[in-house]
C-alpha cells in the first residue's frame, strides 16, 4: 500500500497535508473570512508542491553565473515561472472574495454563511 | 491552579487581548433607532413567524451533523489517498526525475542566447511565455474593475427608497464618498507622529528598492510582479501615514486608468510585434545587447516596467477601494 | 540544513491548524501572515528566490493588509449596529 518514498518526499507530504487542512477549513468553517484564509492555504499548498517538484539536490537557482549553461548546474525553472504567475493571481482572487464579503456584510450584518443562506431563503431569492 | 497576576498570564489565559482592545478605538455613540431599523426588525419577526416548522429544524440539524461528519471523512480520505500517491513518487531532488525533461533543459541551455536574460525564470515568463503574463496582467486589471463595481460609492446621495421597492434594492446602506471618508477617519488615529516619521524614512527606501527590483528583473531575482508589489506596499504605507489628501495629488482614478491603459497596450503591441516577426522568421530589429548589462535582453526590460506599473497600481487601487470606496 | 527545513515545515502545519481553531479573526489573520512569511523562507531554501521575494511582498504584505482592512470595515459596521458582542 504505502510506497517506499514517503519520508524522502516530506515536502510534498507537507504540501498535501496543508491542502487537506485548507480544504477542511473551506468545508467546515462558517465564517466567511476563515473560509477565504482556507482557500489561501490551499493555494500556497499547491505552490509548495510545484516548487518541491522542481527542486534538484545540490543545484542552484536558475540565474546564469559565470557563463555556466549546463543543465546539470541549475534547478528546473518551469515550476518557478508557473508559481510566480499563480501567486499574483491568488492576490486578486483574495481581493475579489473579500470585497464580496464586505458587500454581504453590508447587506446581512453577519459573516455566518448559514445565517446568510437562511435569510436568503426567507426573502425568497 | 493559582494564576499569577501579570500581563503575560492575563494574555495567556485570554482574559485581555493586548491587540484587540486597542485596535478599534472609537468614541461612544448614542444609540438612536431610525425608521428603517424598526422596519427591518419588524420584517424579521414577521418572516420568522412565517417560517420555521419543528420538523424542518430537526432535518436541518441532522443535515448539519451529517455534513460535518462527511466533510471530515472526505478530507481525511483525500489526504490519505494523496499521501499514498506521494509515497510512490520518485525521490524528491533526483536529477533524473521525469519532471526534469527536455523542456527545462532547453530553457537553461539556450535561454541566455535567445532572450538575453541572465535570470532564466524572467526570460521564460516574459519572452517564451509572454502572452501568459499578459493574460495575467489583464486578470489583475479585471479584478480591480470587479472590486470597483462591488465597492464603489457614489459621489452624491442616491434617490430615497420608493414604496414598492424590494428589500434588497433599497439604497439604505450606501454611503457617499465624503461620508465614508469622515467615518473612515473616526476609527483611526489621525496624523500619528510615529507613523509619519517612520513612513518618511521607509517610503523612499521602499520605492527605490521596488524600482531596483523591477529594473534588475532580468539580472537578479525579482521582476515586475515583486517590484510592483513592493511599490504598491510603499504607496499603501504612505496613504496610511498621510491620508488621502496627500495621495490624491498624484494618484487618482484618472492616473490609474491611463497607467493601466498604456502599460497593457504597450505590452500587447510590443509582444505581438515580436511574436509576429519571430514566427515569420523576420528581422525584428530589437537588440539583445550584452548579457549582464542593464540595457540588454531586448523587450524584457520595458515589459517588466509595464507589469510593475500595473501591479503597483492594482495593489494601491485594491487598498483604496477597500478603505474608501473610490480613489 | 535538513533540520531547519523540518522545523519550518512543522511550523507551517501548526500555523494552518491554529488558523482553524483560533477564536478571534484578528488572531487567525496574524497567524496566516506568519504562515506566508515562513513560506517565503521555505522558497528561499528551495532555490527559488523569485518566488521568495514575490511571496514576501504579496502574500505576507498586501494580502494581510487587505484582510486587515476588511476586518476593520466589518468591525466599524458592527459598531454601527450596536451589537459589539458578536465579534469573530
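Protein chains in written order, with the numbering used here: chain A, 1 to 125; chain B, 126 to 452; chain C, 453 to 540. Even for Gly, the Cβ is constructed at its ideal location relative to N, Cα and C.
> What first and last residue would you give for the alpha helix (DSSP H) that runs through residue 230 (chain B)?
Replying inline: 227-240
>> Taking beta-carbon pairs under 9 Å, can you tell me which members of the region 510-528 of chain C lie near chain A?
In response: 510, 511, 514, 515, 518, 519, 521, 522, 523, 525, 526
> Rounded to the nearest angstrom, how far is the Cβ of residue 76 (chain A) from that of residue 224 (chain B), given a contact under 8 Å?
Replying inline: 6 Å
> Which residue's Cα is closest to the Cα of residue 446 (chain B): C:518, C:512, C:487?
Replying inline: Checking every option, the nearest Cα to that of residue 446 (chain B) belongs to C:518.
> Any idea if residue 454 (chain C) is buried or exposed, counting beta-carbon neighbours within 10 angstroms, 16 or more meaning buried?
Replying inline: So residue 454 (chain C) ends up on the exposed side.
>> Going by beta-carbon coordinates alone, are residue 71 (chain A) and residue 233 (chain B) separated by less than 8 Å?
In response: yes
>> Assuming residue 45 (chain A) is part of the alpha helix (DSSP H), what are its boundary residues?
In response: 32-54
> Per DSSP, which one or two residues make a beta bridge with residue 168 (chain A)?
Replying inline: Residue 168 (chain A) lies beyond the stretch modelled for chain A, which goes from 1 to 125, so this question has no answer here.
> Is the beta carbon of residue 80 (chain A) sitting closer than 8 Å to the one on residue 264 (chain B)?
Replying inline: Cβ distance not < 8 Å, so residue 80 (chain A) and residue 264 (chain B) don't count as in contact.
> chain C beta carbons: is any one of them nearer than 8 Å to that of residue 25 (chain A)?
Replying inline: yes
> Hey, out of B:245, B:327, B:420, whose CA is closest to residue 502 (chain C)'s CA?
Replying inline: That would be B:245, whose Cα lies nearest to the Cα of residue 502 (chain C).
>> Using 8 Å as the cut-off, can you tell me whether the region 33-44 of chain A makes contact with the region 235-253 of chain B, which would need three or more C-beta pairs spanning the two stretches below that distance?
In response: The answer is no - the region 235-253 of chain B does not touch the region 33-44 of chain A, with fewer than three Cβ pairs under 8 Å.
> Ends of the alpha helix (DSSP H) at residue 411 (chain B)?
Replying inline: Run containing residue 411 (chain B): none; DSSP gives neither H nor E here.
> Which residues, in chain order, does the region 488-502 of chain C contribute to contact with chain B at a C-beta distance below 9 Å?
Replying inline: 500, 501, 502
> Do we get a CB-CB distance below 8 Å when we pair residue 40 (chain A) with the residues of chain C?
Replying inline: Answer yes: the Cβ-Cβ gap between residue 40 (chain A) and chain C drops below 8 Å somewhere.
> How about residue 430 (chain B): is its C-beta nearer than 8 Å to some C-beta of chain C?
Replying inline: no
> If you check the beta carbons only, do residue 83 (chain A) and residue 47 (chain A) fall under 8 Å apart?
Replying inline: yes
> What does residue 482 (chain C) reach in chain A if we use C-beta pairs closer than 7 Å?
Replying inline: Going along chain A, no residue has its Cβ under 7 Å from residue 482 (chain C), so there is no contact; the nearest lies around 11 Å.
>> Does any residue of chain A have a CB that is nearer than 8 Å to the CB of residue 469 (chain C)?
In response: yes
> Is the Cβ of residue 457 (chain C) closer than 8 Å to any Cβ of chain B?
Replying inline: no
>> To be precise: take each residue of the region 47-66 of chain A, compare its Cβ to all Cβ atoms of chain C, and keep it if any distance is under 9 Å. Which residues remain?
In response: The region 47-66 of chain A vs chain C, Cβ under 9 Å: 47, 48, 51, 52, 54, 55, 56, 59, 60, 61, 62, 63.
> Given a threshold of 16 other Cβ atoms within 10 Å of its Cβ, counted over all protein chains shown, does residue 9 (chain A) qualify as buried or as exposed?
Replying inline: Here residue 9 (chain A) is buried, its C-beta having at least 16 other C-beta atoms within 10 Å.
>> Can you give me the C-alpha to C-alpha distance between residue 297 (chain B) and residue 530 (chain C), rounded to a whole angstrom?
In response: The pLDDT assigned to residue 297 (chain B) is 49, lower than 50, so where the model puts this residue is not dependable; a value taken from the coordinates is nonetheless given after this. Their Cα atoms are separated by approximately 16 Å.
> Any chance the region 228-242 of chain B sits against the region 27-37 of chain A, with 3 or more Cβ pairs inside 8 Å?
Replying inline: no
> CA-CA distance, residue 64 (chain A) and residue 346 (chain B)?
Replying inline: 11 Å
> Quick one: is residue 106 (chain A) near chain C, going by C-beta distance under 8 Å?
Replying inline: yes
> Taking Cβ-Cβ distances shorter than 9 Å, what residues in chain C pair up with residue 136 (chain A)?
Replying inline: Only positions 1 to 125 of chain A appear in this structure, which leaves residue 136 (chain A) out of reach.
> CB residue 516 (chain C) to CB residue 491 (chain C), shorter than 8 Å?
Replying inline: no
> What first and last residue would you give for the alpha helix (DSSP H) that runs through residue 403 (chain B)?
Replying inline: 378-404
> Between residue 389 (chain B) and residue 436 (chain B), is the Cβ-Cβ spacing less than 8 Å?
Replying inline: By the CB criterion at 8 Å, residue 389 (chain B) and residue 436 (chain B) fall outside the cutoff.
> Using a Cβ-Cβ distance under 8 Å, would residue 506 (chain C) count as near chain B?
Replying inline: yes
>> Checking 8 Å against the spacing of the C-beta atoms, do residue 6 (chain A) and residue 203 (chain B) come in under that value?
In response: No, the Cβ-Cβ distance between residue 6 (chain A) and residue 203 (chain B) is not below 8 Å.
>> Could you check whether residue 96 (chain A) and residue 271 (chain B) sit closer than 8 Å to each other, using their CB atoms as the reference points?
In response: yes
> Going by other Cβ atoms of all chains shown within 10 Å of its Cβ, with 16 needed for buried, is residue 213 (chain B) buried or exposed?
Replying inline: exposed
> Any idea what DSSP makes of residue 257 (chain B), helix, strand or coil?
Replying inline: helix
>> Using 8 Å as the cut-off, can you tell me whether the region 411-420 of chain B makes contact with the region 334-348 of chain B, which would need three or more C-beta pairs spanning the two stretches below that distance?
In response: yes
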